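So the structure is just underneath, and the comments pick up after that.
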Amino acid sequence: MKRLLKILFGCAAVAAVGAAGWMGVNRYREQSGGSTGLPVAQARAGEFLAIIRCRGEVKADRSVQVYAPLMPSLRIAWMAPAGDFVEEGAPVIRFDSSAAQQDLIQKEAALRTAKATLDQAIAQGRITGEHDSGDLIDAQFQVELANIKTASNEFISRLEAERNRIDLTLAQQKQRLQQATADQHKVGDEVKLAGLKRQLDQAQLEVDLLKSRLERMEVKAPLAGYWIVNSNYNGGVSNTAAPFKIGDNVSAGMNLAVIPDMTSLMLDAKVEEIDRGRIKAGDDVRVRVDAVPELVIEAKLSQISPLAELSLEGAIARSFRAYAALRNPDPRLRPGMNGGMDIVIRRIPNAITVPAKAVFTRGGKPIVYLAEQKTFRAVEVEVLARNPDEVAISGIPADGVVALVEPGSNDDKQKGAK
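For the sequence shown, counting from 1, position 172 maps to 172 in my numbering; every step adds exactly one.
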């Protein structure tokens, strides 16, 4: 009994596998166009997005240029490798500072000499002032003494009194002369000190200037991003220009490199003139980058150029620039990568989508060839919207299978379009 049950179960399993295989073969034949061997495709039901497809490249909306400092005789001593990612504040270029350091040593020595000379002049002026003050005190004493001797006294002869008055006059003149000498010394010392202070300030200014130049000998990154080195056109021949490198002499204020802001990436694309009137800022956009084909970025159309650009490549045509900002961009993206974007201009819910090559024309009307068993039937459809690769239609079942090439025999077309 058990053996009989095993045999029955085995037969049932074999029958099930055979039935599944038969259904799969029939389904495959039906999907592949039956015995005709024509390529087919399954219709898809759901939302259809009418798009305008355009091409462009990834760019940074914000970039910071790096310039050489305003200094003479600059020579690159070190540079960050081109293409490396640099952090904000990290050094990216160092210039040869040996000559500036030698000048700084000389200027600092001159500054110390000027300071010592000024200190010496201040001390000498203080000594001169104290000496003049003593002389003035002595002159004042002589005036007072002579004044006392001129006092009226009956015991002093007239001749002696006259001599005392003369001495008083001489003492007063000597006091005035000493005061004038002290004033002259004071003014002279002030002028001398002012000149020495100017020399000291000039020496200090030159030292500070050299120190600031030495600080500018190291250029730091103004923001985080990729270090892109510009070409050196100092030779004057554009076709032989090469990126700046260690050892190059550069002029003051020369544009050396650029650092794009990686948080401001956008896709800059060209929109044909015929499509300009169908798009507007704020439209949904799907961005694809050639270097990262599996990445689809949902974005918005942020800006459209107000003026058309004339292209002279091939046929003369006009186009508009359209920009889509990439929020929180993928770290694999880089400025200059080629890509494309699909601008969504219309959404059709519950549409039936078939490949564009599945729609044909008969009698000026669109038709598709719907697979039925082992043949195809031409079915007239209504085209709701077209994209470069697919078409939204109505008039066939949502799960219909359509031919991708037009059947060649009249038997396949004899049923006509509905």
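We treat Cβ as the ideally placed atom computed from N, Cα and C, and that holds for glycine.
What you are looking at is a predicted structure, and each value in this text was computed from that prediction instead of being measured.
Here the C-alpha atom of residue 103 lies approximately 10 Å from the C-alpha atom of residue 109. Between residue 192 and residue 201, the alpha-carbon positions lie close to 14 Å from each other. Within the region 77-154, the runs of beta strand (DSSP E) that reach at least 3 residues and sit entirely inside it are, in chain order, 91-95. If you look at residue 42, you'll find it in the beta strand (DSSP E) that goes 40-42. In the DSSP assignment, residue 381 falls outside any beta strand (DSSP E) and carries neither an H nor an E.
Remark: C-beta atoms of residue 186 and residue 118 do not approach each other more closely than 8 Å. If you compare the alpha carbons of 280, 160 and 224 with that of residue 263, the shortest gap goes to 224. About 6 Å separates the Cβ atoms of residue 301 and residue 279, confirming a contact at the 8 Å cut-off. Nearest to residue 131 by alpha-carbon distance, out of 148, 166, 306 and 182, is 182. The C-alpha of residue 64 is placed about 30 Å away from the C-alpha of residue 342. Secondary structure of residue 405 (DSSP, three-state): coil.
Straight-line spacing of the CA atoms in residue 162 and residue 147 works out to 12 Å.
The Cβ neighbour count for residue 141, taken over all protein chains shown within 10 Å, is under 16; the residue is labelled exposed. The DSSP-derived three-state label of residue 346 is strand. Beta-bridge partners assigned by DSSP to residue 260: 63. For residue 284, the pairing in a beta bridge is given by DSSP as 300.
Nearest in C-alpha terms to residue 67, of all of 326, 253 and 394, is 253.
In the same chain as residue 292, and ignoring 5 residues on each side of it, the C-beta atoms closer than 6 Å to its own belong to 332, in chain order.
With a threshold of 16 other beta carbon atoms within 10 Å, residue 233 falls short and is exposed. DSSP lists 366 as the beta-bridge partner residues of residue 361. Counting along the chain, residue 319 sits inside the beta strand (DSSP E) bounded by residues 317-325. By the 16-neighbour rule on beta-carbons within 10 angstroms, residue 164 is buried. Separation of the CB atoms of residue 344 and residue 391 is rounded to 16 Å, and the pair is thereby denied contact status at 8 Å.
DSSP places residue 221 outside any beta strand (DSSP E), giving it a letter other than H or E. Secondary structure at residue 52: strand, using DSSP grouped into helix, strand and coil.
Contact between the region 213-229 and the region 78-89 is present: three or more C-beta pairs spanning the two stretches fall below 8 Å. For residue 279, the three-state secondary structure derived from DSSP is coil. Within the DSSP secondary-structure output, residue 340 pairs in a beta bridge with 55 and 288.
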